[in-house]
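Line by line, the protein sequences give chains V and X.
If you're matching positions, the first sequence starts at 45 in this note's numbering and goes up one per residue.
If you're matching positions, the second sequence starts at 45 in this note's numbering and goes up one per residue.
Every residue, glycine too, gets a C-beta built ideally from N, C-alpha and C.
Report on the structure given below.
Protein chains: 2
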Amino acid sequence: MNAQFKKGVLELIVLLCVSHKDRYGYELIVEVSKIVDINDGTIYPLLKRLTNEKYFETYLVESTEGPSRKYYKITSLGEARLSELKESWLAFSSSINEFIRESEESDKE
Amino acid sequence: MNAQFKKGVLELIVLLCVSHKDRYGYELIVEVSKIVDINDGTIYPLLKRLTNEKYFETYLVESTEGPSRKYYKITSLGEARLSELKESWLAFSSSINEFIRESEESDKE
DNA sequence: TTTACTACTTGACAATGTAAGGTAGTAAGT
DNA sequence: ACTTACTACCTTACATTGTCAAGTAGTAAA
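Below is the structure:
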């Protein structure tokens, strides 16, 4: 997979994941890894940034399986950011796909 | 448009453009701008990189409308890179789109 | 007490796009 | 002759975001 494609899209994926239910970092790593290849050093700084930007609020919950889990909860600002990003992604990806399709058309001629 | 989405995709767009016919830099700026927002400071370094990586060969052609044009021609290595990138993009974008769709499904529940 | 798994954090680094500026040729208007 | 505009190319300093590698620490089973 091209590493560069991920840029910017990770934020969308993480926002989507958290929008369904509150999540903690480690859980997000597992979830997000199903879709794109990432390591934990990518997720935690991203969560920090999104929290600084007021898209997430956090709270701690003790765990019986290890250290306390820091949960991330989406804010209304985060929801707004999510729908903005989602729309922006859909427009972007479909315009690229259309360009690819057009290219394939003109190759036939 | 989200600036980050562009990362990596520009290379695909430029390869696609050049694969149809030889292009010069300024022409590419005009072409590529139709699809994504870019400035010339993005294109020229990219063309240099792709040429260094042997995806393009270049030749100069004099112009009656200004300075000589440096044309870029795709190599067979470049064609291979293009189909690799294209496939990689299609797989990537469809997996993201599927994830978005699934999210919307689970929102209804 | 060692190993493995969960969980979070940080800092140096790499890749790629942006902004802003520069050089220079052609051509048309004043 | 001088200016303006358009064509054409290039470079440098910078910002953003992801990667890698390393570290800290709690729980629990062998």
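For residue i, which of helix, strand or coil comes out of DSSP?
i	result
Thr95 (chain X)	helix
Val76 (chain V)	helix
Thr102 (chain V)	strand
Ile82 (chain X)	coil
Lys114 (chain V)	strand
Shorter than 9 Å from the beta carbon of residue i to some beta carbon of chain V?
i	result
Ile87 (chain X)	no
Ile79 (chain X)	yes
Looking at chain X, is there any beta carbon in it that lies within less than 9 Å of the beta carbon of residue i?
i	result
Leu134 (chain V)	yes
Ser147 (chain V)	yes
Glu101 (chain V)	no
Asn141 (chain V)	yes
Leu56 (chain V)	yes
Val74 (chain V)	no
So with CB distances below 8 Å, who are the chain X contacts of residue i?
i	result
Asn46 (chain V)	Gly52, Leu129, Ser132, Trp133, Phe136
Taking 9 Å as the cut-off, decide whether the C-beta atoms of residue i and residue j are in contact.
i	j	result
Cys61 (chain X)	Val76 (chain X)	yes
Ser150 (chain X)	His64 (chain V)	yes
Phe49 (chain X)	Val53 (chain V)	yes
Leu90 (chain V)	Glu55 (chain V)	yes
Tyr103 (chain X)	Lys92 (chain X)	no
Ser137 (chain V)	Ser132 (chain X)	no
Leu134 (chain V)	Tyr116 (chain V)	no
Mind pulling the chain V residues with CB within less than 7 Å of residue i?
i	result
Ser150 (chain X)	His64
Output, in chain order, the set of chain V residues within a Cβ distance shorter than 8 Å of residue i.
i	result
Leu60 (chain X)	Phe143, Ile144, Ser147
Validate contact between the region 108-116 of chain V and the region 67-79 of chain V using beta carbons, cut 8 Å, 3 pairs: yes
At least 3 beta-carbon pairs within less than 8 Å: the region 92-104 of chain V vs the region 122-138 of chain V: Contact annotation: the region 92-104 of chain V touches the region 122-138 of chain V, with at least three C-beta pairs closer than 8 Å.
Cβ contact check for the region 137-150 of chain X and the region 77-89 of chain X: 3 or more pairs under 8 Å: The region 137-150 of chain X, when compared against the region 77-89 of chain X, does not touch it at the 8 Å Cβ threshold.
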